[in-house]
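Peer 1: Mind having a look at this structure? Questions to follow.
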Amino acid sequence: MLATALAAALVGLDLQLVRVEVEISRGVPSFDLVGLAEAAVRESRVRVKSALAHVGVDLSEHRTIVNLAPADFRKAGSGFDLAIAAATLVALGVAPKDSLAGTLFVGELSLAGHVHGVRGVLPRLLGARERGVARAIVPFDNAGEAALLQNERITVGAVATLAELTAVLSGKREARTVSLPVASPRAHAQDDLADVRGQHAARRALEIAAAGGHNLLMVGPPGAGKTMLARRLPGILPPMSLDEAVSVTAIHSVAGLLARGESVIAERPFRAPHHTVSDAGLVGGGDGARPGEVSLAHHGVLFLDELPEFRRGCLESLRQPLEDGVVTISRALAKATYPARAVVVAAMNPCPCGFAGDARCQCGLERVRSYRARLSGPLLDRLDVHVTLPPVQLSSISSGAAGESSAYVRARVIAARARQAERFASGLVGGELNARLTGRDLEVAAPLGGEGERLLATAATRLSLSARAYVKVIRVARTIADLDGDAAVRTHHLAEAIALRVLDRTAGPPTLEATP
486 MLATALAAAL VGLDLQLVRV EVEISRGVPS FDLVGLAEAA VRESRVRVKS ALAHVGVDLS
546 EHRTIVNLAP ADFRKAGSGF DLAIAAATLV ALGVAPKDSL AGTLFVGELS LAGHVHGVRG
606 VLPRLLGARE RGVARAIVPF DNAGEAALLQ NERITVGAVA TLAELTAVLS GKREARTVSL
666 PVASPRAHAQ DDLADVRGQH AARRALEIAA AGGHNLLMVG PPGAGKTMLA RRLPGILPPM
726 SLDEAVSVTA IHSVAGLLAR GESVIAERPF RAPHHTVSDA GLVGGGDGAR PGEVSLAHHG
786 VLFLDELPEF RRGCLESLRQ PLEDGVVTIS RALAKATYPA RAVVVAAMNP CPCGFAGDAR
846 CQCGLERVRS YRARLSGPLL DRLDVHVTLP PVQLSSISSG AAGESSAYVR ARVIAARARQ
906 AERFASGLVG GELNARLTGR DLEVAAPLGG EGERLLATAA TRLSLSARAY VKVIRVARTI
966 ADLDGDAAVR THHLAEAIAL RVLDRTAGPP TLEATP
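For reference, each letter of the sequence shown is one residue, going 486 to 1001 in this note's numbering.
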């Protein structure tokens, strides 16, 4: 008898529906699996046979053929076990044939018949919903993320054992309901901007970066507070919308980073890879074309500390994600695409020892220039805001005078983003954030006027700004105006944006002079 169940494969975040065809007949006992399956899928023969035996189904006297169709792309992972077992139960007459209709099965089986969670359940369900699949059965371990889509044009049930699945298919019981609540974001009290003493220019740059979605470079000596400031950026970003949370959770699900039962990642992610990270670790790739750090930081913050210490090729691989907000990983038989809309915060010392301009610095001019040359011009162009941090004075630490809290700064950021969203909703521009405005949209959102154009033209000539840096200055000026609640971009907004191009203003190596 032939039975067909529905399974799903993932290429990046994109769904490929797979028909699992199981035919059981008389003949020499065997269990064959075809359809361009990789090792983990081929091993499902052993898992499925053993799991079925634990629910009283013996395949040792049958000839079993499993086909995964279509056969023109590779199937990887252990998430096909549940679909194979379901189709086998129907092919043997244990469950009625109509029990498989319109149902997607996702899950891995243990030898004893337990259903284990797998990576990528949420993106599978998102894709299945868009394809019109009405029902899905998933592992109870993945019930948390699956609950996000319950009743969203797809009915999701969970099972913990193969025995449960057999009862569900036979109509003896219903699958477990998935209805876990969405977690609330935790307070950022431990990472409050009020903890940062001094560094007013850097705090201002951080606020501008948060308000417009701009990438930020901080240059300063060890102990100036670069890492401390970067870790407080998520706390001044607006809360994620449900769509953003689902997108972030889907990426972490594919990467296998969701805790058991976790329903949603409600906080903006903060990723801080070490400078020894590989290309695949940073932008994605490797076995299965998994998402890298830049995608795991989607809708959050990617912090690159000690920027010049990263390998040159690794940094250059960031150029596409920084410009386009996506990462494309090409393989021989497939191409995976992941979103990568993160605010990138980079930090570096002004010289190899970190004390340029101080008596303690032992670095010669050539050594400093060589250190600075590790960062290419195209990469620096993609970092919208540059700010220099001076050494922290002991008096500012001991004075006890705290700066504004994250809550106050966040309120201004939310207000500035609301102005950007209003322009987008009204159809004036095609980008939700100032950092993404291009061409005609930028002209509409940020007309400079004669005086502003002359100021920017003079700055572009003196600083040798590239065309990309020229555009970024206008974007940053638009954000500064939004923070001021101003509908127009004034000359003082442009002047501040120009001042935030530190590495364009310094022809030589960066010093410890504070950003004005």
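Don't be surprised by glycine CBs; every beta carbon is placed ideally from N, CA and C. Remember, predicted model here, so these are calculated numbers, not experimental data.
(1) Using 8 Å for Cβ pairs, my map puts VAL870 next to ALA696. What's the rounded Cβ distance?
(2) For MET703, which beta-bridge partners are listed by DSSP?
(3) DSSP three-state label for GLU752, please.
(4) May I have a chain-ordered list of the alpha helix (DSSP H) segments no shorter than 4 residues that lie completely inside the stretch 597-666?
(5) Where does the unbroken alpha helix (DSSP H) through PRO806 begin, and where does it stop?
(6) Looking at the strands, I want to know which residues DSSP matches up with SER515.
(7) Can you name the residues that DSSP bridges to ARG775?
(8) If I follow the unbroken alpha helix (DSSP H) through ARG963, where does it start and stop?
(9) State the CB to CB distance for the pair LEU678 and SER890, rounded to an integer number of angstroms; the pair is presumed to be in contact (CB under 8 Å).
(10) Tell me whether the stretch 802-820 and the stretch 768-782 touch, counting them as touching only if at least three CB pairs, one residue from each stretch, are closer than 8 Å.
(11) Is VAL540 closer than 8 Å to ALA444 when the C-beta atoms are compared?
(12) Which residue from GLU546, ALA740, VAL749, ALA694 puts its Cα closest to that of ALA632?
(13) Run through the stretch 832-858 for me and flag every whole alpha helix (DSSP H) of 4 or more residues, listed as ranges in chain order.
(14) Output the distance between the C-alpha atoms of ILE721 and VAL829, rounded to the nearest integer angstrom.
(15) Taking DSSP as the reference, what is the three-state secondary structure of PHE1075?
(16) Count the other CB atoms, across all protein chains shown, that sit within 10 Å of the CB of LYS657; report buried if there are 16 or more and exposed otherwise.
(17) May I ask you to list the residues that DSSP assigns as paired with LEU553?
(18) When the Cα atoms are used, what is the spatial distance from GLY602 to GLY916?
(19) When the distance is taken between beta carbons, is ALA568 closer than 8 Å to LEU491?
(20) Between the stretch 507-516 and the stretch 835-844, can you find at least three pairs of beta-carbon atoms closer than 8 Å?
(21) Measure from the alpha carbon of LEU743 to the alpha carbon of each residue in HIS784, ALA628, HIS699, VAL762, then state which is nearest.
(22) Report yes if the CB atom of GLY612 is closer than 8 Å to the CB atom of LEU500, and no otherwise.
(23) Exposed or buried, which one is ALA494 when buried takes at least 16 other CB atoms within 10 Å?
(24) May I have a chain-ordered list of the beta strand (DSSP E) segments no shorter than 3 residues that lie completely inside the stretch 918-952?
(25) Assuming LEU585 and THR489 make a contact with CB atoms under 8 Å, what is their CB distance in whole Å?
(26) So is THR873 buried or exposed if we call it buried at 16+ other beta carbons inside 10 Å?
(27) Using the Cβ count rule (16 or more neighbours within 10 Å means buried), how would you classify SER908?
(28) Count the other CB atoms within 10 Å of the CB of ALA687; is the residue buried (16 or more) or exposed (fewer)?
(29) For SER780 and VAL507, I'd like the C-alpha separation in whole angstroms.
(30) Give me the residue from LEU988, ALA825, ARG897 with the minimum Cα distance to GLY862.
(31) Return the residue from the list SER911, PHE795, ALA522, ARG504 that minimises the CA-CA distance to PRO758.
(32) If we ignore side chains and look at the alpha-carbon of each, how far apart do ALA674 and SER738 end up?
(33) With a 10 Å radius around its C-beta and 16 neighbouring C-beta atoms as the bar for buried, classify GLN684 as buried or exposed.
(34) Using the C-alpha atoms, what's the distance from SER595 back to ARG745?
(35) Nearest CA to the CA of GLY562: which residue from SER529, GLU791, ALA580?
(36) What three-state label does DSSP hand ALA696 in the structure shown?
Peer 2: Checking against the coordinates, here is how it stands:
(1) If you number the sequence shown from 1, residue 870 lands on position 385. If you number the sequence shown from 1, residue 696 lands on position 211. About 11 Å separates the two Cβ atoms, so there is no contact after all.
(2) Your numbering for residue 703 matches position 218 in the sequence shown. DSSP output for MET703 lists ALA832, VAL872 as bridge partner(s).
(3) Here residue 752 is taken as the residue at index 267 of the sequence shown, counted from 1. Of the three classes helix, strand and coil, the one that applies to GLU752 here is coil, per DSSP.
(4) 606-615, 628-631, 647-654
(5) As a working note, residue 806 is residue 321 in the sequence shown. Here the alpha helix (DSSP H) through PRO806 covers 804-809.
(6) Position 30 of the sequence shown holds residue 515. In the DSSP output, where bridge partners are listed per residue, SER515 has ARG548.
(7) Residue 775 sits at position 290 when you count from the first residue of the sequence shown. In DSSP, ARG775 forms a bridge with GLY770.
(8) Translated into the one-based positions of the sequence shown, residue 963 becomes position 478. It spans 952-968 - the alpha helix (DSSP H) in which ARG963 sits, taken as one unbroken run.
(9) Taking the first residue of the sequence shown as position 1, residue 678 is located at position 193. Taking the first residue of the sequence shown as position 1, residue 890 is located at position 405. Indeed they touch by this definition, with Cβ atoms about 6 Å apart.
(10) yes
(11) In the structure displayed, the chain extends from 486 to 1001; residue 444 sits before or after that span and is not available.
(12) The residue labelled residue 632 in the question sits at position 147 within the sequence shown. Among GLU546, ALA740, VAL749, ALA694, the Cα nearest to that of ALA632 is on VAL749.
(13) 850-857
(14) Walking along the sequence shown from the start, residue 721 turns up at place 236. Walking along the sequence shown from the start, residue 829 turns up at place 344. Computed Cα separation, rounded: 15 Å.
(15) The chain is shown only over 486 to 1001; residue 1075 falls outside these bounds and no answer can be derived.
(16) Taking the first residue of the sequence shown as position 1, residue 657 is located at position 172. Answer is exposed; the Cβ neighbour count stays below 16.
(17) As a working mapping, residue 553 is identified with position 68 in the sequence shown. DSSP lists VAL505 as partners of LEU553.
(18) Position 117 of the sequence shown holds residue 602. Position 431 of the sequence shown holds residue 916. GLY602 and GLY916: Cα-Cα distance of roughly 38 Å.
(19) Residue 491 sits at position 6 when you count from the first residue of the sequence shown. Residue 568 sits at position 83 when you count from the first residue of the sequence shown. Closer than 8 Å, so yes.
(20) no
(21) Residue 743 sits at position 258 when you count from the first residue of the sequence shown. Taking only the C-alpha atoms, the option nearest LEU743 is ALA628.
(22) The count along the sequence shown starts at 1 and reaches residue 612 at position 127. The count along the sequence shown starts at 1 and reaches residue 500 at position 15. Yes.
(23) Sequence index remark: in the sequence shown, residue 494 carries index 9 (1-based). Classification for ALA494: buried.
(24) none
(25) As a working mapping, residue 585 is identified with position 100 in the sequence shown. As a working mapping, residue 489 is identified with position 4 in the sequence shown. Rounded, the Cβ-Cβ distance is 7 Å, consistent with contact.
(26) Counting from 1 along the sequence shown, the entry for residue 873 is found at position 388. Result: buried.
(27) Taking the sequence shown and counting its residues from 1, the one referred to as residue 908 is at position 423. At residue 908 the sequence reads Arg, which differs from the Ser that was named. Under this definition ARG908 is a buried residue.
(28) Reading the sequence shown from its first residue, position 202 is the one you call residue 687. The residue is buried, with at least 16 neighbouring Cβ atoms inside 10 Å.
(29) Start at 1 with the first residue of the sequence shown, and residue 780 comes out as number 295. Start at 1 with the first residue of the sequence shown, and residue 507 comes out as number 22. If you take the alpha carbons of SER780 and VAL507, they lie about 37 Å apart.
(30) Within the sequence shown, numbered from 1, the residue matching residue 862 stands at position 377. Here the closest residue by C-alpha is LEU988.
(31) Sequence index remark: in the sequence shown, residue 758 carries index 273 (1-based). Ranking SER911, PHE795, ALA522, ARG504 by Cα distance to PRO758 puts PHE795 first.
(32) Reading the sequence shown from its first residue, position 189 is the one you call residue 674. Reading the sequence shown from its first residue, position 253 is the one you call residue 738. Model confidence at ALA674 stands at a pLDDT of 44, short of 50, so the residue's coordinates are unreliable; what they give is reported in the following sentence. Those two C-alpha atoms are separated by around 27 Å.
(33) Taking the first residue of the sequence shown as position 1, residue 684 is located at position 199. Classification for GLN684: buried.
(34) Within the sequence shown, numbered from 1, the residue matching residue 745 stands at position 260. Within the sequence shown, numbered from 1, the residue matching residue 595 stands at position 110. Going from the Cα of ARG745 to the Cα of SER595 covers about 17 Å.
(35) Residue 562 sits at position 77 when you count from the first residue of the sequence shown. Here the closest residue by C-alpha is SER529.
(36) Residue numbering aside, residue 696 sits at position 211 when the sequence shown is read from its first letter. Correct three-state label for ALA696: helix.
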